[in-house]
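Note that my numbering has the sequence shown beginning at 7, numbered continuously upward. Just so it is clear, CB atoms sit at the ideal spot from N, CA and C, and this is done for glycine as well. Note that the structure is predicted; figures quoted are calculated from it, not measured. Taking it in order: structure first as structure tokens, then the write-up.
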Amino acid sequence: MLSNRFDRRRFGQTLLALALPAPFAAMAQVRADTLRVLCGYPPGGSVDIVARKLAEKLTGRVTAHAVIENKPGAAGRLAVDDLKRSAADGTTLLLTPASVMTLYPHVYRRLGYDVFADVVPVCSVAATEFALSVGPSVPASVATFEDFIAWSKAAPAAPACGNAGAGSLPHLMAMLLAREGRIELAHIPYRGGSAAMQGAAAGEVPCAIATEAGARPLVQAGKLRVLATSGTDRSTFFPRVPTFAQLGLPALTQREWFGVFVPARTPAANVAAIAEAWRSAAQDVDVRDTFEKVGVRVEALTPAELQAALRSEHDFWGPVVKASGFTPEA
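This is how it looks when you write it as structure tokens:
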């Protein structure tokens, strides 16, 4: 027997589905009033700022309200654990740096999640490269990367290189730098990339590897000098600085992308709708301006492209970690 009850919510969703092009119409059938956007880092940092811009752009496109939930801890892993436990109904997504998915499987013995079974990539949102910077404890005569290599080889002890923490992507990049540049470096972990750059600027360590975003304000203040960057092309922030590839070290061509993930078995329509919504939003001027302020660039890889990047970078770091002799963390 048919009911005559008027379901306002379902009626509204039906009208929305008729008004929207695919794949937005498909998602309207299952859309929730609130979309949770998980972020594994504290408020105010670059990941949080990017997550908030993502949430802003998804509001009104695929949900009535997108709410940021900051879940800092365990170097971003707590948020992935939360995503894994969430319902696969399209109401929860995660924004995370790539290394949480590509590198962590090789540096933690008990990760708690399987990046190819427990989550599904949706799209990339932003990307940034890394910079090798030197501070005041390195002589001013060390003006180029070649100078740095020569200075390192002549030093009485291995120069200390700051990084974002043991097992972080900058830490492994420093190991690659030592191997490819045929020098010795002492690896000094800090509590994050910004702290590592501050350490180099204060003279606590001669050099550091961190994101370009972390280096830029200290370079502008005259406290650091960037000698090389890790992009495929020269950095828009440091256009006069050569890339590692241009210097003959192509293995150090690395980047950190920020990707959106949902729980495994999330309907394909939801995945497609979120990816399409971001692809459209990525063209907005305010997105570019916001990201530029925190030192990242806008990116919008499709689900298939992000899946390929995830697999490629995951497979790259496995042998690197093994060859480095790094002991996986608990």
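Requested in this report: Specify, as a first and last residue, the run of the beta strand (DSSP E) that Arg231 falls within.
Outcome: First-last of the beta strand (DSSP E) with Arg231: 231-235.
Requested in this report: Return the residue from the list His320, Pro78, Gly254, Thr69 that minimises the CA-CA distance to Leu183.
Outcome: Gly254
Report task. Taking only the alpha-carbon atoms, compute the straight-line gap between Leu44 and Trp323 and give it to the nearest angstrom. Result -> 25 Å
Query raised in the report: Taking Gly66 as the reference, which of Trp284, Pro334, Ser318, Val300 has the closest Cα?
Result: Of the listed residues, the one whose Cα sits closest to Gly66 is Trp284.
Query - Spatial neighbours of Leu84 in its chain, beta-carbon cut-off 8 Å, leaving aside the 5 residues before and after - result: Cβ neighbours of Leu84 beyond the five flanking positions: Gly46, Lys77, Pro78.
Query - Pairwise C-alpha distance: Pro334 and Ala114 - result: Residue identity differs from the one stated: residue 114 is Tyr in this sequence, not Ala. Rounded to the nearest angstrom, the two C-alpha atoms are 5 Å apart.
Query raised in the report: Taking just the CA atoms, how far does Glu135 sit from Ala104?
Result: 12 Å
Query raised in the report: Does the distance from the CB of Phe243 to the CB of Glu218 come in under 7 Å?
Result: yes
Requested in this report: Assign Ala93 to one of two classes, buried (16 or more other C-beta atoms within 10 Å of its C-beta) or exposed (fewer than that).
Outcome: exposed
Query raised in the report: Which of the three DSSP states, helix, strand or coil, is assigned to Gly168?
Result: strand
Query raised in the report: Between Ala170 and Ala216, which are expected to be in contact by the criterion C-beta below 8 Å, what is the C-beta distance as a whole number of angstroms?
Result: 6 Å
Report task. For His71, count neighbouring Cβ atoms within 10 angstroms of its own Cβ and tell me buried if that reaches 16, exposed if not. Result -> Looking at its Cβ environment, which holds fewer than 16 other Cβ atoms inside 10 Å, His71 is exposed.
Query raised in the report: According to the neighbour-count rule (16 or more other Cβ atoms, all chains shown, within 10 Å of its Cβ), is Pro269 buried or exposed?
Result: By the 16-neighbour rule on beta-carbons within 10 angstroms, Pro269 is buried.
Report task. Please confirm if the segment 135-145 is in contact with the segment 194-212, defined as three or more CB-CB distances below 8 Å between the two stretches. Result -> yes
Report task. Rounded to whole angstroms, what's the CA-CA distance from Glu186 to Thr40? Just pull it up for me. Result -> When rounded, the distance between both Cα atoms is 48 Å.
Requested in this report: Let me know the secondary structure DSSP gives Ile189 once reduced to three states.
Outcome: coil
Query raised in the report: Could you give the distance in angstroms between the alpha-carbon of Phe332 and the alpha-carbon of Ala172?
Result: 9 Å
Query raised in the report: Where does Ala208 land, buried or exposed, given buried means 16+ other C-beta within 10 angstroms?
Result: exposed
Report task. Ignoring anything shorter than 3 residues or poking outside the segment 80-167, list the beta strand (DSSP E) runs there in chain order. Result -> Complete beta strand (DSSP E) runs here, min 3: 98-103, 125-140.
Query raised in the report: Residue ranges of each alpha helix (DSSP H) run of no fewer than 4 residues wholly in the segment 250-311, ordered along the chain?
Result: 274-287, 291-299
Query - Residue(s) in a DSSP beta bridge with Pro195 - result: Per DSSP, the beta bridge partners of Pro195 are Asn169.
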